[in-house]
Every structure is written in structure tokens, then in C-alpha cells.
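Same order as they appear, the protein sequences are chains A and B. Count along the first sequence from 1, then add 225; that gives the number in the working numbering. Count along the second sequence from 1, then add 195; that gives the number in the working numbering. Built from N, CA and C at the ideal position, the CB exists for glycine as well.
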Amino acid sequence: MNFELLLQLIINGLIVGLLYGVVGMCFVLVYKSTQIVNFAQGEFLLVGAWVCWALLIYLELPFFVGFLLSLAFMAVFGVMLQMIVLRPMIGEPIISVIMVTIGLSIFFQSLVKWIFGVSPQSYPQVFDTQSISIFGLNIELAYLMSTVIALIIMIGFYFFFKHSKHGLAMRATAFDQQVAQSLGISVKQVFAMSWGIAATVSATAGVVIGMVNGVSNSLSAIGIKVFPAVILGGLDSIVGAIVGGITIGILENVAEFFDSQYLHIGNMYDIAPFYVLLIILWFKPYGFFGTRDIERI
Amino acid sequence: MSSLAMRPCGDFRTSYKQDNTIFETKTIRWFTALVIGLACFAPFILDAYYLTLFIQISYLGIAALGLNILVGFTGQISLGHGAFFGFGAFASAWLNTSFNIPVFICIPMAGFLTMAVGMMFGMPAARIKGLYLAIATLAAQFIIEDFFGRAEWFSGGSAGSMANPVELFGFAFDTDESFYYIALFALVFMYIWGCNLMRSRDGRAFVAVRDHYLSAEIMGVKLNKYRLLSFGISSFYAGIGGAMYAHYLGYVSAEGFTIFMSVQFLAMVIIGGLGSIKGTLMGVVFMVLLPEALEGGVGIMKDTSWGNIPMVVDGLAYIKEMAIGLVIILFLIFEPEGLAHRWQQIKNYWKFYPFSY
Numbered sequence: 226m227n228f229e230l231l232l233q234l235i236i237n238g239l240i241v242g243l244l245y246g247v248v249g250m251c252f253v254l255v256y257k258s259t260q261i262v263n264f265a266q267g268e269f270l271l272v273g274a275w276v277c278w279a280l281l282i283y284l285e286l287p288f289f290v291g292f293l294l295s296l297a298f299m300a301v302f303g304v305m306l307q308m309i310v311l312r313p314m315i316g317e318p319i320i321s322v323i324m325v326t327i328g329l330s331i332f333f334q335s336l337v338k339w340i341f342g343v344s345p346q347s348y349p350q351v352f353d354t355q356s357i358s359i360f361g362l363n364i365e366l367a368y369l370m371s372t373v374i375a376l377i378i379m380i381g382f383y384f385f386f387k388h389s390k391h392g393l394a395m396r397a398t399a400f401d402q403q404v405a406q407s408l409g410i411s412v413k414q415v416f417a418m419s420w421g422i423a424a425t426v427s428a429t430a431g432v433v434i435g436m437v438n439g440v441s442n443s444l445s446a447i448g449i450k451v452f453p454a455v456i457l458g459g460l461d462s463i464v465g466a467i468v469g470g471i472t473i474g475i476l477e478n479v480a481e482f483f484d485s486q487y488l489h490i491g492n493m494y495d496i497a498p499f500y501v502l503l504i505i506l507w508f509k510p511y512g513f514f515g516t517r518d519i520e521r522i
Numbered sequence: 196m197s198s199l200a201m202r203p204c205g206d207f208r209t210s211y212k213q214d215n216t217i218f219e220t221k222t223i224r225w226f227t228a229l230v231i232g233l234a235c236f237a238p239f240i241l242d243a244y245y246l247t248l249f250i251q252i253s254y255l256g257i258a259a260l261g262l263n264i265l266v267g268f269t270g271q272i273s274l275g276h277g278a279f280f281g282f283g284a285f286a287s288a289w290l291n292t293s294f295n296i297p298v299f300i301c302i303p304m305a306g307f308l309t310m311a312v313g314m315m316f317g318m319p320a321a322r323i324k325g326l327y328l329a330i331a332t333l334a335a336q337f338i339i340e341d342f343f344g345r346a347e348w349f350s351g352g353s354a355g356s357m358a359n360p361v362e363l364f365g366f367a368f369d370t371d372e373s374f375y376y377i378a379l380f381a382l383v384f385m386y387i388w389g390c391n392l393m394r395s396r397d398g399r400a401f402v403a404v405r406d407h408y409l410s411a412e413i414m415g416v417k418l419n420k421y422r423l424l425s426f427g428i429s430s431f432y433a434g435i436g437g438a439m440y441a442h443y444l445g446y447v448s449a450e451g452f453t454i455f456m457s458v459q460f461l462a463m464v465i466i467g468g469l470g471s472i473k474g475t476l477m478g479v480v481f482m483v484l485l486p487e488a489l490e491g492g493v494g495i496m497k498d499t500s501w502g503n504i505p506m507v508v509d510g511l512a513y514i515k516e517m518a519i520g521l522v523i524i525l526f527l528i529f530e531p532e533g534l535a536h537r538w539q540q541i542k543n544y545w546k547f548y549p550f551s552y
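Okay, structure coming up:
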């Protein structure tokens, strides 16, 4: 058994899993505060990464300026999306809401393909060295940066929700919309804000992944991969999303390892999370940290 | 079978028979018969392009009706219908080539096989609902798609598999003109069956489960049974549609049955109108004609002096996809009840013209 490879894969899984966790957190944020299941989460990553790429290549801005500009764009994009498309859907049955986000996902996916083409592109070089070695393991510097960014985002989320007025308003809205409204919270503003935050933070993850693997349409697949992660953790738990993300990240790499070493089934990396998803839905549909949905007559 | 709200005033029904009828008036019945009768002569009049469109409408229409039974009548969500459609296609080709079963028996058999698979994946549906079910069927979509690429004995792997044309009494239906009749027969048969299903005890149970599942359960409707049954019937329709697709094209490859296809089926159902059998057909026609119309529009634009924009002409494939996404969004915002509702409104408007109120 090749322990070194396994360890390397687990580390990779941990790093990728942290990013899944970040995207999952955005998903949970939108679900908790607006009760919308966002199938267009992956497109936030896609659009954000491509906008950043276009700013860097066509306008030749320095990396951090372009990065911050694209984040600002994504914040506006998320808010506009909520105002134009999702606001008329408030109070509609769940299938309509799901279908609207699926429609958005298809629309933006093909829009991006149309504008930027289908071939993957890479960002200009940000760091001088490619990878450094820690304890004998090779870790790409971009991966290390992604870990740092993911951790910063998570800590930022914690302080935002615990210690800021807007965070408190969002938690109140998630708890009970009517009560929140009667206490003077603008629920509309909270809805728009949660979409803005989700779009911005997802775009950060998109840029980071794009720096490592290149920007391509496969970024939108992350939006689908997030489902196993959030279901594992429980749909309405932010901690659950992080734990689920890390678990799925490690799991797909470990599955890949065992597959390539022993089983030789192939394609395990992409498909293993979905088997896990089915098993969880079968035995524990509300995940590990989610609240049970109790219905009263 | 229109719902109460859509019925114009003065249209009273005094017996169960009247309430349950498929055709509300004699005119509708004769008109339907006339349309079907005229459709029988279509191959003599229309050229091959329109026949292919019709055949496309028929196999997609059968599958979409299955999805409407699941989504529109039972209120369950499925994002894996495209995969079930593909499973039907491969199953029929596999049964035919591996066991030498005649094709016209293979098609219903493929339907039943798909039904079994659909019920297997629908099993969680007995426990979960709403968006959890959507995510479970999403997983089913990816797992079945992966299975197509992997199972060489079943689907031929990445090479795909060949499907023989339908043969009946030594006559091969291998041209567009002859297959048209098979498509027409299957479409009419499956739609009448769908109508009848909704008039039966099971159909009413589906609607009860959709409208208020707790009340339904209290009234003695077994929730698990009907949710599972609905999944089975929907997969059966998908399997039949898929099998017709396979034997029409003569070749099935594993690439086509993606999540995008599932979304297209959902789009047909939503655009047509959830819970409307007539609407399903309208939605399918709309979704089949939309790309054709776009292509025609761009074709006309290309010849004018102002419209020959290379980005639009070259990116037509992406514009088609974008149009599908956009149409879903616009319909859900502006006409959530679909074309069937719009049709009813137009009918009511003319019925009371010029005093529509």
C-alpha cells in the first residue's frame, strides 16, 4: 500500500474540501435565509472566475485589483439576480423555485461558453514559485493560498453572524421571517444581501480554483458537487456544510486512490460522492447537523 | 378534465360521467378524431423534415407525459428523467440484440425494465420529498449516466450500441414515412392511456397526494404506494419514449442522456402546464420548435445586410441553450401555469366575445 500517495491525496482532498465547504456555506446561507435551493451556485464560481480572467487579460490589471473588482461585480450580480429573478418567485411552490435556479444555471453556463469559448484558460502567474514542500509533501502555493483564503472566509462568516448588526438581522430572518419583519428588519434587504454574499464568496472560491486548474466550464460542476457536501452536513447548518465539504473532498480522493490501486472501476472521483449522497438520504435525510423537519397539522 | 377555476361560468356538470369525460363536448371529440385522421395522411403531403420533427415530438412527448404524471399530478420532483429515457433506449437495443426478441415486444419490455429501475431509485421517495427528492434524483441521474459509460455488456460502453428498426410481419419500419405511423400510434395510445389513468382510482390518489398528502393519508390513500407507483409509471413512459428513440435513430450513444436532457423534459412540462395532459403536448411542441425557430431566424438574419454578425451565427448552439434557460425563467415568472392555462384563457375569451367578463 502506497502510504505516501494516500497521504498526499488526503491532503489534497482536505484542501479541495475546504473550498467545497466555502461554496457549501454560501449554499446553506441562501437556503437558510431565503428558503431557495440554489442550483446555480456553480455558475457563481464560473462567472466570477471568468470575469476576473477577463479583467486580468484584457485590461491587464494587477492580480489583486482585478480580483477585488470582480468580487465587487459579483456582489452587484448576486443582488441584481435576486431582485430581478428570484423576488417574483417568493411564495411559489418549491418546484418552481428549483426550476428557476436551474434555468439560471443553464442560461449563464451557455452565456459564458458563448462569450469566452469552451477551451480552458489559465491566469497569469501570481506567485514566483510553483510549490513548496512541507514535511516532505509537495504543496502548491496556490493551494496553500486557497486554504488561507478559505479559513479567512470561514472566520469572517463567524464574526459577521455573531458580532454584526446585519448578521444578526440575517439570523433573525432565517429563524422566522414574520417575527423578523415585525421587529423592523427589512427582509427584502436581507434576501438581496444573502445572494450578494453568496455570489461574492463563491466567486472567490472560483478564482482560487481557477488559479490552480485553469478557468473552464468544469467550474460549474462544483455547484453540483456541493449537494453531497451539504446533505451530508445537513441542509441548514453552516458548520455542517464545512464538515460535509471536507468529508466529501477527502472521500473522493480516497475513493480515487482505492480505485486506481485495487478496484479499477474508473471514474470513482466523480461518482463516489453521489453514492454517498444516496446512502445518506436513505438513512439520515437530515444529515449530521441539520434540524429535523417536524410537521404539525 | 379542466380544473374548476378554468371552467367558464354556466358550464355545469350534473353527473360523475360528465365530470370524468375525456372530451368535454362533442365538438372537441370530433375535432380530435378529425386531427388524428388527418395526421394519418401527413406522410403523403409533408416532406421529410416535418416528419422528423413530428417523430421527435412523439417520442419526447411520451417521455414528457410520464414526467408530468410524476411532477404535475403527484407533486414529486425528478431531475433524472433524461437518464431513465436513456435507460429505456439502451434496454430496448440490448434486449433486441442479445436475446433476439422482436423489436415491437422489446419496446414495452424496455418500458417495464425502466419502470423497475425507476422504482428502485424512487424508493427514497417514499421517505423524502420536495427538494430532498430533487437531490436524490439528481444523484440517480449521475449514477445511471456513469453506468452507461461503464457497462459494456449493456450499452456498448463508449462505442454505443446499434438498434434494429421495428419489424412487424416481415415489414421493416425503417424509413421516416413508415416509422411515422408507429410514432403516431404510440403517441395517441400513450396519451389516451394517460388520460384514462387520471380518471381512475389511482389517478385520483395521485392528485390527492399532491394536493395535501396528510389529508390523503387520513382518507386512506397509501402514500408510499402511490409515490412509488407514480415513479414507476413515469419511468415506464420514459422507457417507452427512449425505446422509440433508439429504434428510430438505429444507434444509441451514451453521451446524449445528460442532466441537460432531464432539465429539458422538466422545461417541457412546466411550459406546457403542470398537471395538464393536453398542455404536456403543447410544451413538447414548443420546446421542439424553439431551436428550429431560432435556427430559421438566424438563417434569415444571415442573409440580410445588418444581421450577419459572426458571433451570433457561430454561437447558434449556445444561443439555443440560452434560449431554453431563458424560456424556463420567463415562463415561471410570467405564466407559471403554462401554455395550457393560456390556451384556456384564449378559449374563454372567444366564448364570451365581446363581453369577456
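For residue i, does the count of other Cβ atoms within 10 angstroms reach 16, so buried, or fall short, so exposed?
i: A/Lys390; result: exposed
i: B/Cys235; result: exposed
i: B/Gln540; result: exposed
i: A/Asp401; result: exposed
i: B/Thr209; result: exposed
i: A/Val404; result: exposed
i: B/Trp289; result: buried
i: A/Ile340; result: exposed
i: B/Asp509; result: exposed
i: B/Glu372; result: exposed
i: B/Ile240; result: exposed
i: B/Pro238; result: buried
i: B/His276; result: buried
i: A/Thr398; result: buried
Chain A partners of residue i, CB-CB under 7 Å?
i: B/Gly468; result: Those within 7 Å of B/Gly468 in chain A number zero; the least Cβ separation is about 13 Å.
i: B/Arg322; result: Pro510
Report the CB separation of residue i from residue j in whole angstroms; it is logged as a contact under 8 Å.
i: A/Ile374; j: A/Thr429; result: 6 Å
i: A/Ser371; j: A/Leu244; result: 6 Å
i: B/Ile272; j: A/Ile320; result: 5 Å
i: A/Ile422; j: A/Leu254; result: 6 Å
i: B/Gly520; j: A/Phe332; result: 3 Å
i: B/Ile465; j: B/Gly533; result: 6 Å
i: A/Ser258; j: A/Val415; result: 6 Å
i: A/Ser335; j: B/Met517; result: 5 Å
i: B/Asn291; j: B/Asn359; result: 6 Å
i: A/Ser445; j: A/Gly267; result: 4 Å
i: A/Thr326; j: A/Phe264; result: 4 Å
i: A/Gln307; j: A/Ala480; result: About 36 Å separates the two Cβ atoms, so there is no contact after all.
Kindly list, in the order they appear in chain B, the residues whose Cβ is closer than 8 Å to that of residue i.
i: A/Met314; result: Leu527 and Ile528
i: A/Gln283; result: Before going on, a small fix: residue 283 of chain A reads as Tyr here, not Gln. By Cβ distance, chain B contributes nothing, its closest Cβ being about 16 Å from A/Tyr283, past 8 Å.
i: A/Ile496; result: Phe337, Ile338 and Asp341
Can you list the residues of chain B that residue i reaches, using a CB-CB cut of under 9 Å?
i: A/Phe269; result: Ordered by position in chain B, no residue passes the 9 Å Cβ test against A/Phe269, which lies about 15 Å from the chain.
Run through chain B and tell me which residues come within less than 7 Å of residue i, C-beta to C-beta.
i: A/Phe499; result: Ala334, Phe337 and Ile338
i: A/Met507; result: Correcting the residue type first, residue 507 of chain A is Trp in the shown sequence and not Met. In chain order: Pro319.
i: A/Val255; result: Per Cβ cutoff of 7 Å: no residues; A/Val255 is ~13 Å from chain B at best.
i: A/Glu317; result: Pro531
i: A/Leu230; result: Neighbours of A/Leu230 on chain B: none; closest Cβ ~24 Å, over 7 Å.
Which residues in chain A have a C-beta closer than 8 Å to the C-beta of residue i? List them in chain order.
i: B/Pro486; result: Chain A residues near B/Pro486: none, gap ~12 Å exceeds 8 Å.
i: B/Met517; result: Ile331, Phe332, Ser335, Leu336 and Trp339
i: B/Gly513; result: It is Tyr, not Gly, that sits at residue 513 of chain B in the sequence shown. Under the 8 Å cutoff, chain A gives Ser335, Leu336, Lys338 and Trp339.
i: B/Leu521; result: Gly328 and Phe332
Next item on the list: Would you check if there are 3 or more beta carbon pairs closer than 8 Å linking the region 394–410 of chain B to the region 245–263 of chain B?
Entry: Contact between the region 394–410 of chain B and the region 245–263 of chain B is absent: fewer than 3 CB-CB pairs across the two stretches fall below 8 Å.
Notebook entry, point to check: Quick one, which residues of the region 319–344 of chain A are near chain B if we go by CB-CB under 7 Å, in chain order?
Noted result: Shown in chain order are the members of the region 319–344 of chain A whose Cβ falls below 7 Å from a Cβ of chain B: Ile319, Ile320, Ser321, Ile323, Met324, Val325, Ile327, Gly328, Leu329, Ile331, Phe332, Ser335, Leu336, Lys338 and Trp339.
Notebook entry, point to check: Within the chosen definition, does the region 461–480 of chain A reach the region 496–513 of chain A through at least 3 CB pairs nearer than 8 Å?
Noted result: For the pair of segments examined, the region 461–480 of chain A was found to touch the region 496–513 of chain A: the number of CB pairs separated by less than 8 Å reaches three.
Margin query: Across the region 304–312 of chain B and the region 246–254 of chain B, are there enough close Cβ pairs to call them in contact, namely three or more that are closer than 8 Å?
Written below: Segments in contact, no.
Checklist line | Interface positions of the region 444–458 of chain A facing chain B (Cβ-Cβ less than 7 Å), listed along the chain | finding: Here the close residues are Phe452 and Ile456.
Next item on the list: Evaluate contact between the region 459–478 of chain B and the region 268–284 of chain B, counting only Cβ atoms and requiring at least three cross-stretch pairs below 8 Å.
Entry: Using a Cβ-Cβ distance cut-off of 8 Å, the region 459–478 of chain B and the region 268–284 of chain B are in contact, since at least three pairs of beta carbons, one from each stretch, lie closer than that value.
Note to self: Please identify, using Cβ separations under 8 Å, the residues of the region 339–356 of chain B that lie next to chain A, in order along the chain.
What the structure shows: Contact residues of the region 339–356 of chain B toward chain A are Asp341, Gly344 and Arg345 (C-beta to C-beta distance below 8 Å).
Notebook entry, point to check: Between the region 247–278 of chain B and chain A, which residues of the former have a C-beta closer than 7 Å to a C-beta of the latter?
Noted result: So the list reads Val266 and Ile272, given in the order they occur along the chain.
Next item on the list: Tell me, please, whether the region 230–245 of chain A touches the region 444–461 of chain A by the rule of three or more beta-carbon pairs shorter than 8 Å.
Entry: A contact exists between the region 230–245 of chain A and the region 444–461 of chain A.
Note to self: Assess contact between the region 341–348 of chain B and the region 421–441 of chain B, defined as three or more Cβ pairs (one per stretch) separated by less than 8 Å. Is contact present?
What the structure shows: In short, these stretches do not touch, since the Cβ pair count stays below three.
Check: For the 8 Å Cβ check, are there 3 or more pairs between the region 478–493 of chain A and the region 350–363 of chain B?
Finding: Result no; under three Cβ-Cβ pairs closer than 8 Å.
Note to self: Would you call the region 496–508 of chain B in contact with the region 309–324 of chain A, where contact means no fewer than 3 C-beta pairs closer than 8 Å?
What the structure shows: Segments in contact, no.
Checklist line | Near-chain B residues of the region 290–310 of chain A - C-beta to any C-beta below 7 Å | finding: Listed by position, the residues of the region 290–310 of chain A near chain B (Cβ gap below 7 Å) are Val310.
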